[in-house]
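Q: Got a structure here, written out as structure tokens. Questions coming.
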Amino acid sequence: MNGVCSYRYPPGHGDVFPSLMNSGKLEALLSQGKEYVFVANSDNLGAVVDLKILNHLINNKNEYCMEVTPKTLADVKGGTLISYEGKVQLLEIAQVPDEHVSLALFLLFNVGYLFEAITFLL
Numbered sequence: 001m002n003g004v005c006s007y008r009y010p011p012g013h014g015d016v017f018p019s020l021m022n023s024g025k026l027e028a029l030l031s032q033g034k035e036y037v038f039v040a041n042s043d044n045l046g047a048v049v050d051l052k053i054l055n056h057l058i059n060n061k062n063e064y065c066m067e068v069t070p071k072t073l074a075d076v077k078g079g080t081l082i083s084y085e086g087k088v089q090l091l092e093i094a095q096v097p098d099e100h101v102s103l104a105l106f107l108l109f110n111v112g113y114l115f116e117a118i119t120f121l122l
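Take the sequence shown: its position 88, counted from the start at 1, is 88 in full-length UniProt numbering, and no numbers get skipped.
Given below as structure tokens:
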């Protein structure tokens, strides 16, 4: 991989992007004319492909989209978005020491699914 996507997945989540690439699945999808992948956590039973979101990505030439929602007191686990080295990145709360976890610092919650352009993963 070119290193571009290594910051977009947290450890312990199956390393889905490198796995898709190393298995040849990304190349196979591209050869079938596919342009985007939809990835959802296996425990997110409500995840469905929303064609409006996919069309928005295509029409605006976006390479990556992750749904987030405001974090609440019930959202003690899960990822949030941070700005690091000039890039928006996913940070899993498991990567943050307990003394630094705060709703004031982590306002958003990753709902566990995303769209990504296949060419962006290569």
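Note that the Cβ used here is the ideal one computed from N, Cα and C, for glycine as well. In this text, all values refer to a predicted model and were calculated from it rather than measured experimentally.
In three-state terms, what does DSSP make of Gln32?
A: Looking at Gln32 - three-state DSSP - the assignment turns out to be coil, as it is neither helix nor strand.
Q: Which same chain residues end up closer than 8 Å to Leu81 when comparing Cβ atoms and leaving out the 5 residues on each side of it in sequence?
A: Met66, Val68, Val88, Gln89, Leu90, Leu91, Leu108 and Asn110, listed in sequence order.
Q: Return the CA-CA distance between Lys61 and Ala74, expressed in angstroms with no decimal places.
A: Roughly 35 Å separates the two Cα atoms.
Q: Could you check whether Phe106 and Tyr36 sit closer than 9 Å to each other, using their CB atoms as the reference points?
A: No, they are not a contact pair.
Q: Jot down the residue ranges of each uninterrupted alpha helix (DSSP H) in the stretch 46-86, minimum 4 residues, whole runs only, in chain order.
A: As far as the stretch 46-86 is concerned, its whole alpha helix (DSSP H) runs of at least 4 residues are 51-59.
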